[in-house]
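Asks: Protein chains in written order, with the working numbering: chain H, 9 to 393; chain U, 30 to 326; chain R, -11 to 74.
Don't be surprised by glycine CBs; every beta carbon is placed ideally from N, CA and C.
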Amino acid sequence: MMEIMEGSHAVANAVRMCRPQVIAAYPITPQTHIVEALAEMVADCRLDAEYITVESEFSALSACLGASAAGSRVYSATTSQGLALMFEVCFNTAGLRLPVVMSIVNRALGAPLSIWNDQQDSIALRDSGWLQFYAEDNQEATDLHYVAYRVAEDRRVLLPAFVCFDGYILSHTYEPVEMLTEEQVDRYLPKYRPVHRLDSADPISIGLFASPDYYTEFRYQIDQAVKGSMQVIREAGRQFGEMFGRDYASPVEEYRMDDADCAIVAMGSICGTAKDAIDEMRKEGRKAGLLRIRTFRPFPAEEVRKALSGVSSVAVLDKNISLGSKGAVALEVRDALYGSGVPVLDYIIALGGRDVAKKDIKSVVDMAAAGKGDLFYGLREEVLR
Amino acid sequence: MTGEQCSLFESGHRACGGCAAALAARTILDAAGRDTIVVSATGCMEVFSTPYPETAWNVPWIHSLFENNSAVASGISAALKKQGRKEKVIAIGGDGASFDIGMLCLSGAFERGHDFVYICYDNEAYMNTGIQRSGATPYDASTTTSPAGKCSTGNPRPKKDLPAILAAHGAPYVATATVAYLPDLKKKIRKALDTEGPCYVQVHAPCCTGWGFESEKTIAIARLAVETGLFVSYEMENGQVTRVKKVVRKPVEEYLKEQRRFRHLFRPQRNDAEIAKIQAIADRNAEKFAIDIVLKK
Amino acid sequence: MALGLGCSSRPGTSRANRTGSWRTFRPVFLHDKCTKCGLCVSVCPEGCVVADSEGIPEPDYDYCKGCGLCAEECPAGAIEMQKEEK
Ligand SMILES: Cc1ncc(C[n+]2csc(CCOP(=O)(O)OP(=O)(O)O)c2C)c(N)n1
Ligand code: SF4
Ligand code: SF4
Ligand code: SF4
Ligand SMILES: [Mg+2]
């Protein structure tokens, strides 16, 4: 059924239907509406979960880690400073192979303090072993939670996952969303059956320390699991499409890429604006296309290479910056295209909530055509003086 | 004496010979039994008991980080509740994990009232990283970050009163114990496990390597700490001190002179002023907890 | 073979590590002096002193580190530390 809902509420509803047994979260703008909605559901007995009102994000994820290790499906949500506070626990959760699912309502990281959107927060955790999905709109933001649980808990994967969607732009926006029913979710998402769990009937030890003789092999195994999850994502995404009509089999979406000359590469809600801009450019006879990355971890290098190999320029819109280097998406895309000769230009854009309009997308395409890139887009004049 | 032939804390661990933390681990599990899930913080006990692929634990055990064992335990406790499981949850950490870096998680978990027991094995410094001071290091102890020197007499601050802090959270049961009295330690662990809600047991655990004494003296030193009044063994129920171990007090010097970490108080010359300050700490403890047995002639 | 998921391991595997090799002194239990009080069993940090059905304690030298704690604490003076012959 189509319903017009705020993004946060749509996500909270999706989470409810995933039936987490333990929720631990700490409020932070713009994630608050999700955790408030979940608290209300628990208070009204619409969701049968233990809701732990932790004293910090650090404890939120630590509690989720513990509950997951004890064999429960768990959920948390955070953003920005909260995610930064979880940094150490993030690496640990992945290393312990616990399939925690967490919503990241993307927001800029201070300093300077900003509550507005970009993707620096989750990007900063790209090396942590968490799967990372980025939603373009609220429909996808809800759907990806079902997919994320299914993939994360799959025995071939057993890794935690971020479902990322842009703060305010999606979280606080009312859009029509088709919500699944509980029965549908139950059919799609099997009960969590842990492989390794804390249980006195089988008292294993989890999280031993590794000497140099073993550490590399542990990291190798985690890397293999992250890479191997791509196949599981394809399966889970395809099945979602077969059951509910919205197909997430591919880690990327190609928009008017068939005969594209200049390809924009981006993640998240900015892709909506990019698509509109492309439509207008097409009318003007300019062959622009979009490659939207939905799964950033594992990185779909193969799909990226395939989609971009024929174009004459690639313009990456990076809502993050690896200070002193480039945007993270551009670095990955360049790596994927290594040796192909296709030029990849990077545009650091829409940081800290700066609005992006169709005209900005067009001007990025113009710059790319002129070979001008690897820059912060639309800087205030005064900093250039 | 047939008892449990198969200990829940297995031999083969890599603690220094005579390690009180190892003795504490074994004793705690003896008291707790099989249906216990243990969450360890990073530190000596975690490291000496679990070098992959070997673990000394025969109960379900997890290590996540240095400072989050009580938060992990909160999550486990919540999960068990939801699953209708009956196992007990114990979080164990050193004094560094408990007094210092893990305070936030510990305070949060106690305030929320999870049903679990937190045990701090207190060896009064960060031993695993090479004997640096912690909030539990006693006044004047020389550590690698509070070294005694020409213008220092060692650690400048007295020990933080963590039991009182946790009692102030409304913990139903808070106790201190020591490896000097193992049956008492077991009793307190049992009591903590049998009390609903967050309970705290702080176990004084002398470290021969960090404090500087011979390995066979571990228990003797622990006993002296009690007998001098520098460590008080007591129980608090709902914020009230309900039981205290009384002693015929010895001068603190008898405890101090046995340990390298206090050697600067005696050599090259005796520092009477500093020894008197430590005696005053013991005297205050004695008064506060009324530990003195008054001998009648 | 894959390593333990989440750096996990089967319980009690530390027994593979025979810490008896660390020993420089060896506790020798003098059974004629022993009162079977059981203290040595409870104070051993290795948990390697086991009493037989008669209550007579014996250390497992595979694991005994020779720390001397049992000898120090034995109220009957029934444990003697002797230099280990290597
Ligand atoms: C966040 C973090 N900071 C620092 C460390 C380094 N570290 C590991 S163990 C430890 C000290 C542990 O001290 P304590 O809790 O008293 O246990 P002990 O080793 O004395 O038994 C430190 C500082 C760490 N592992 N993690
Ligand atoms: S350093 Fe101290 S606490 Fe650590 S293993 Fe050795 S004796 Fe035990
Ligand atoms: S402590 Fe001494 S007396 Fe007691 S059982 Fe052991 S050897 Fe015998
Ligand atoms: S010497 Fe130490 S390790 Fe050996 S049996 Fe005695 S207490 Fe145990
Ligand atoms: Mg310590």
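Ignoring anything shorter than 4 residues, give me the alpha helix (DSSP H) runs that lie fully in the stretch 328 to 382 of chain H, in order along the chain.
Replies: The qualifying runs are 336 to 344 and 366 to 377.
Asks: If I follow the unbroken beta strand (DSSP E) through residue 304 of chain H, where does it start and stop?
Replies: It spans 303 to 305 - the beta strand (DSSP E) in which residue 304 of chain H sits, taken as one unbroken run.
Asks: May I ask you to check if the CB of residue -10 of chain R is nearer than 7 Å to at least one heavy atom of ligand 1?
Replies: No, since every heavy atom of ligand 1 falls outside the 7 Å radius drawn around the Cβ of residue -10 of chain R.
Asks: For residue -2 of chain R, return the contacting residues in chain H, with the cut-off set at a CB-CB distance below 7 Å.
Replies: Correct list: 212.
Asks: Should residue 42 of chain U be labelled buried (16 or more other beta-carbon atoms within 10 Å of its own) or exposed?
Replies: Residue 42 of chain U is buried by the Cβ-count criterion.
Asks: Check whether the Cβ of residue 32 of chain R sits closer than 7 Å to any heavy atom of ligand 4, and report yes or no.
Replies: For ligand 4, at least one heavy atom lies less than 7 Å from the Cβ of residue 32 of chain R.
Asks: Name the chain H residues that come within less than 7 Å of residue 157 of chain U, Cβ to Cβ?
Replies: Simply none; closest approach about 11 Å.
Asks: Helix or strand or just coil, what does DSSP make of residue 62 of chain H?
Replies: Residue state, collapsed to three classes: coil.
Asks: For residue 3 of chain R, go through chain U and note every residue whose CB falls closer than 7 Å to its CB, in chain order.
Replies: Residues of chain U passing the Cβ test: 39, 40 and 41.
Asks: Say the cut is 7 Å; is the CB of residue 156 of chain U nearer than that to a heavy atom of ligand 2?
Replies: Answer for residue 156 of chain U: yes, Cβ within range of ligand 2.
Asks: Should residue 33 of chain U be labelled buried (16 or more other beta-carbon atoms within 10 Å of its own) or exposed?
Replies: Unreliable placement is indicated for residue 33 of chain U, whose pLDDT of 46 sits below 50; no coordinate value is reported for it.
Asks: Any contact between the stretch 150 to 160 of chain H and the stretch 321 to 341 of chain H? By contact I mean 3 or more CB pairs, one from each, below 8 Å.
Replies: No: the two stretches stay apart, fewer than three of their Cβ pairs being nearer than 8 Å.
Asks: I'd like to know if residue 137 of chain H contacts chain U, where contact means its C-beta is closer than 8 Å to some C-beta of that chain.
Replies: Answer no: the Cβ-Cβ gap between residue 137 of chain H and chain U never drops below 8 Å.
Asks: Taking only three categories from DSSP, how would you classify residue 2 of chain R?
Replies: Correct three-state label for residue 2 of chain R: helix.
Asks: Among H:127, H:95, H:227 and H:209, which residue has its Cα nearest to the Cα of residue 173 of chain H?
Replies: Of the listed residues, the one whose Cα sits closest to residue 173 of chain H is H:127.
Asks: Looking at residue 152 of chain U and ligand 2, is the gap between the Cβ and the nearest heavy atom below 7 Å?
Replies: For ligand 2, at least one heavy atom lies less than 7 Å from the Cβ of residue 152 of chain U.
Asks: Quick one: grab the DSSP three-state call for residue 33 of chain U.
Replies: Because residue 33 of chain U carries a pLDDT of 46, less than 50, the predicted location of this residue cannot be relied on, and the following value inherits that uncertainty. Coil, per DSSP.
Asks: Pull up the distance between the alpha-carbon of residue 86 of chain H and that of residue 251 of chain U, whole angstroms please.
Replies: About 46 Å.
Asks: What number of angstroms, rounded off, separates the C-alpha of residue 31 of chain U from the C-alpha of residue 206 of chain U?
Replies: A caution first: residue 31 of chain U carries a pLDDT of 36, below 50, which makes its placement in the model unreliable, though a value can still be read off. Rounded to the nearest angstrom, the two C-alpha atoms are 26 Å apart.
Asks: Using a Cβ cut-off of 8 Å (strictly closer), state whether residue 76 of chain U contacts chain H.
Replies: It does: the Cβ of residue 76 of chain U has a partner Cβ on chain H nearer than 8 Å.
Asks: Less than 8 Å between the beta carbons of residue 79 of chain H and residue 91 of chain U, yes or no?
Replies: No, Cβ-Cβ distance for residue 79 of chain H and residue 91 of chain U is not below 8 Å.
Asks: Measuring CB atoms only, is the stretch 132 to 150 of chain U touching the stretch 98 to 115 of chain U, in the sense that at least three cross pairs come out at less than 8 Å?
Replies: Yes: at least three Cβ pairs fall under 8 Å.
Asks: Using a beta-carbon distance below 8 Å, is residue 57 of chain R in contact with chain H?
Replies: Taking Cβ atoms only, chain H never reaches closer than 8 Å to residue 57 of chain R, which makes this a no.
Asks: Quick one: list the residues of chain U neighbouring residue 207 of chain H, beta-carbon separation under 7 Å, in chain order.
Replies: By Cβ distance, chain U contributes 89.
Asks: Note down, in chain order, all residues in the stretch 216 to 249 of chain H with a beta-carbon under 8 Å from any beta-carbon belonging to chain R.
Replies: The stretch 216 to 249 of chain H vs chain R, Cβ under 8 Å: 216, 217, 218, 222, 225, 226 and 229.
Asks: Given a cut-off of 8 Å on the beta-carbon distance, is the pair residue 148 of chain U and residue 208 of chain U in contact?
Replies: No.
Asks: Exposed or buried, residue 26 of chain H, counting other C-beta atoms within 10 Å across all chains shown (16 or more means buried)?
Replies: Classification of residue 26 of chain H: buried, given that the 10 Å Cβ count is 16 or more.
Asks: State the Cα-Cα distance for the pair residue 45 of chain H and residue 20 of chain H, rounded to the nearest angstrom.
Replies: The straight-line gap from Cα to Cα measures roughly 6 Å.
Asks: Do residue 125 of chain U and ligand 6 come close, with the Cβ less than 7 Å from some heavy atom?
Replies: Absent from the structure shown: ligand 6. Ligands present: ligand 1, ligand 2, ligand 3, ligand 4 and ligand 5.
Asks: Kindly indicate which residue of H:92, H:121, H:54 and H:97 has the alpha-carbon position closest to the one of residue 359 of chain H.
Replies: Of the candidates H:92, H:121, H:54 and H:97, the one whose C-alpha sits nearest the C-alpha of residue 359 of chain H is H:121.
Asks: Just checking my contact of residue 154 of chain U with residue 163 of chain U at CB under 8 Å: how many whole Å lie between their CB atoms?
Replies: Contact flag correct, Cβ pair sits at about 6 Å.
Asks: Taking C-beta pairs closer than 7 Å, name the residues in chain H that residue -10 of chain R reaches, listed in chain order.
Replies: Within 7 Å Cβ-Cβ: 229.
Asks: Name the chain U residues that come within less than 9 Å of residue 14 of chain R, Cβ to Cβ?
Replies: Result: empty, since nearest Cβ-Cβ is about 12 Å, beyond 9 Å.
Asks: Check each residue of the stretch 100 to 125 of chain U: if its Cβ is closer than 7 Å to any Cβ of chain H, include it; give the result in chain order.
Replies: Within the stretch 100 to 125 of chain U, the residues whose Cβ lies closer than 7 Å to some Cβ of chain H are 100, 101, 102, 103, 104, 105, 107, 108, 109, 110, 111, 112 and 116, listed in chain order.
Asks: Where residue 110 of chain U and residue 56 of chain H are concerned, what is the direct C-alpha to C-alpha distance, given to the nearest angstrom?
Replies: So the two alpha carbons sit approximately 12 Å from each other.
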